[in-house]
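Visitor: Residue numbers (my numbering): 42 to 98.
A virtual CB, placed ideally from N, CA and C, is assigned to each residue, including glycine.
Note that this is a predicted model, so its numbers are computed, not measured.
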Amino acid sequence: MSEFLENSTEEELADTLEVLEAIWTFKNIDQEILRKIQNQRATDRGHFTKRVILNQS
Numbered sequence: 042m043s044e045f046l047e048n049s050t051e052e053e054l055a056d057t058l059e060v061l062e063a064i065w066t067f068k069n070i071d072q073e074i075l076r077k078i079q080n081q082r083a084t085d086r087g088h089f090t091k092r093v094i095l096n097q098s
């Protein structure tokens, strides 16, 4: 993720997505269920539409 924040290119974002896909595959998490959870959390907590990134040190 830090590489994407430093160099916000489509290639870096694709690499980040590949890592996330590998994690949910390794953990045997169904992508459809993951999307449902994502949508529910967005409904409950709001979406990340303001593009605010909190950097915790």
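Could you tell me the distance, in whole angstroms, from the CA atom of phenylalanine 89 to the CA atom of asparagine 69?
Guide: On the sequence shown, residue 89 is found 48 positions in, with the first residue counted as 1. On the sequence shown, residue 69 is found 28 positions in, with the first residue counted as 1. Distance between the alpha carbons of phenylalanine 89 and asparagine 69 is about 26 Å.
Visitor: Cβ atoms of leucine 58 and phenylalanine 45: under 7 Å apart, would you say?
Guide: As a working mapping, residue 45 is identified with position 4 in the sequence shown. As a working mapping, residue 58 is identified with position 17 in the sequence shown. Cβ atoms of phenylalanine 45 and leucine 58: not closer than 7 Å.
Visitor: Reducing DSSP to helix, strand and coil, say where lysine 68 ends up.
Guide: One-based indexing of the sequence shown puts residue 68 at position 27. Correct three-state label for lysine 68: coil.
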